[in-house]
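Below is one structure, written out as structure tokens; comments come after it.
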Amino acid sequence: MICDTLQHLGRYRGLHPNLDTVIDYLLTHDLAALPLGRTEVDGDKVFINLMDATLHPDAGYHPEYHKIYADLQADLTGSEGWGYTNLPGAEIGEFTGDCGFQDSASVVTGALGEGRFVLFFPEELHKPGLAQHGCVSVRKAVVKIRMEE
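Using the numbering used here, the letters of the sequence shown correspond one by one to residues 23 to 171.
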């Protein structure tokens, strides 16, 4: 997991070729100008889902994880909270597509908004979309970065 400001995104060049593609794209394009829905940057290797999301409380929601894609999340309006843990739990339901859930509790939390991003790598348990400080909805970008072949 990496949490930082978008202005420091270039620091993470060289970690993975598809992350480098994301860095180049985000440093030369305005996320706020993208339409809602999916924008392909490099086919199924890198794409952006721009959405209006209703935030939810931490209680009652389970952390998710992916096996193929990393998630880079950035809020365009508002500020959502997120949770993270490296403590595995029991599986909740079936793993479908590239998403599974476990019953682990978040041990690290943070907030987006104000030019910040959080990057969750495959297998990292994370809980996005948490309401915070009276913010109940955001417009956000979730950049999907294929890390596994």
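Beta carbons are placed, not taken as given, at the ideal position from N, Cα and C, and that holds for glycine.
Please read all numbers here as calculations on a predicted model, not as lab measurements.
Between G122 and K149 the beta-carbon gap is near 13 Å, outside 8 Å, which marks them as no contact. Excluding five sequence positions before and after L72, the CB atoms of its chain that fall closer than 6 Å to its own CB belong to L56, L58 and A163, given in chain order. In the three-state DSSP reduction, L58 falls in the coil class, being neither helix nor strand. For the set R60, F142, D42 and A54, the Cα lying nearest the Cα of L94 is the one of F142. Taking a C-beta distance under 7 Å as the contact criterion, A133 and L98 do not qualify as a contact pair. Look at P150 here: in three-state DSSP terms it is strand. Secondary structure of G103 (DSSP, three-state): strand.
Residues D74, L98 and T99 of the same chain have their beta carbon placed closer than 6 Å to that of R161, with the five preceding and five following residues left out of the count. Each residue's CA atom was taken as its position, placing P110 and D26 some 24 Å apart.
F142 has D93 as its beta-bridge partners, per DSSP. For L48, there is no enclosing beta strand (DSSP E); the enclosing alpha helix (DSSP H) covers residues P39 to T50.
Among the bridge pairs identified by DSSP, F69 is matched with E62 and K166. Approximately 16 Å separates the beta-carbon atoms of H78 and A127; this is outside 8 Å, ruling out the contact.
Non-local C-beta neighbours of V130 in its own chain, meaning closer than 6 Å and more than five positions away in sequence, comprise Y106, ordered along the chain. Annotation for D125: H84, G111, A112 and I114 place their beta carbon closer than 6 Å to its own, counting only its chain and skipping 5 residues before and after.
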